[in-house]
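Please read the structure below before turning to the comments.
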Amino acid sequence: MNKSLGYYLQSLQDLIDDLFRVKPATSAPIIISISIFLIGFFLSGIVKSFGRSHIRRITRRIFFQSLENLVKQIDLQGQAYNKMSSDIAFRTSEEGGQYMLKKTNLYQAMVLNKIGYESIFKAFFTGFSNTVLKSLSNKKRIKAFNKIWGCIENAKS
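Okay, so the sequence shown: first residue is 20 according to the numbering used here, each after it adds one.
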């Protein structure tokens with residue numbers, strides 16, 4: 020039994036005609052108006068969903084890039100510390116001079132802080148792709164996320 024869309028629209032129009040006791044010339048514009056409203060409602064929801072998904076994807080990308088740069092800067096800070104400590108070990112205090120470790124600017128930690136914990140959390144744990152597709156590994160993902168955020172906080176201090 021293969022019924023066309025026209026059949027269902029005619030049935031809907033007949034229902035409206037009988038229910039509200041109106042002529043077909045009146046019920047047809049009502050059906051068209053409601054249909055256009057529903058199509059617009061669904062399209063608006065789809066567009067908003069894609070927009071939120073795009074924002075989450077960009078936030079994740081910024082997070083990963085900032086995290087990679089932060090790791091590089093911390094590595095450079097560690098290399099400078101190792102070099103300074105080896106220089107101190109070979110010199111005596113009688114040779115004079117002060118030893119200062121130049122602090123590396125960790126702007127990436129500031130960027131991540133500006134984005135905020137909540138925004139980054141939403142980027143990784145909300146939305147269709149994050150809830151349905153990755154729900155099996157949520158416990159590990161939350162644990163890893165919190166450890167990363169703890170390391171970022173330690174790097175800032």
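Backbone N, C-alpha and C fix where the C-beta goes; we use that ideal spot for every residue, glycine too.
Note that the structure is predicted; figures quoted are calculated from it, not measured.
Only counting the same chain, and skipping five residues up and downstream in sequence, which positions put a Cβ closer than 7 Å to that of residue i?
i, result
"L31", "I50"
"V130", "S85"
"N149", "F143"
"S63", "none"
Suppose you measure from the CA of residue i to the CA of residue j; what does that come to, to the nearest Å?
i, j, result
"A47", "K67", "30 Å"
"A163", "G169", "10 Å"
"L95", "K133", "23 Å"
"Y26", "T45", "18 Å"
"K102", "K166", "29 Å"
"N88", "G59", "43 Å"
"S138", "L28", "45 Å"
"R40", "L34", "9 Å"
"K158", "E172", "21 Å"
"F61", "F69", "12 Å"
"F56", "S23", "22 Å"
"G97", "V90", "10 Å"
If you check the beta carbons only, do residue i and residue j fall under 7 Å apart?
i, j, result
"L125", "Q84", "no"
"S72", "G146", "yes"
"A174", "A99", "no"
"P43", "D36", "yes"
Give me, in chain order, the residues of the same chain whose beta-carbon lies closer than 6 Å to that of residue i; leave out the 5 immediate sequence neighbours on both sides.
i, result
"I243", "Because residue 243 is not part of the residues shown, which for the chain are 20 to 176, the question remains open."
"I65", "none"
Just to confirm, does residue i get its C-beta within under 6 Å of one of the non-hydrogen atoms of the ligand NAD?
i, result
"S46", "No copy of the ligand NAD appears in this structure; indeed no ligand is present at all."
Could you pull out every residue in the same chain whose Cβ sits closer than 8 Å to the Cβ of residue i, ignoring the five residues on either side in sequence?
i, result
"I81", "V130, I134"
### Query
Is it true that the region 133-149 meets the region 63-82, where meeting means three or more beta-carbon pairs spaced less than 8 Å apart?
Yes: at least three Cβ pairs fall under 8 Å.
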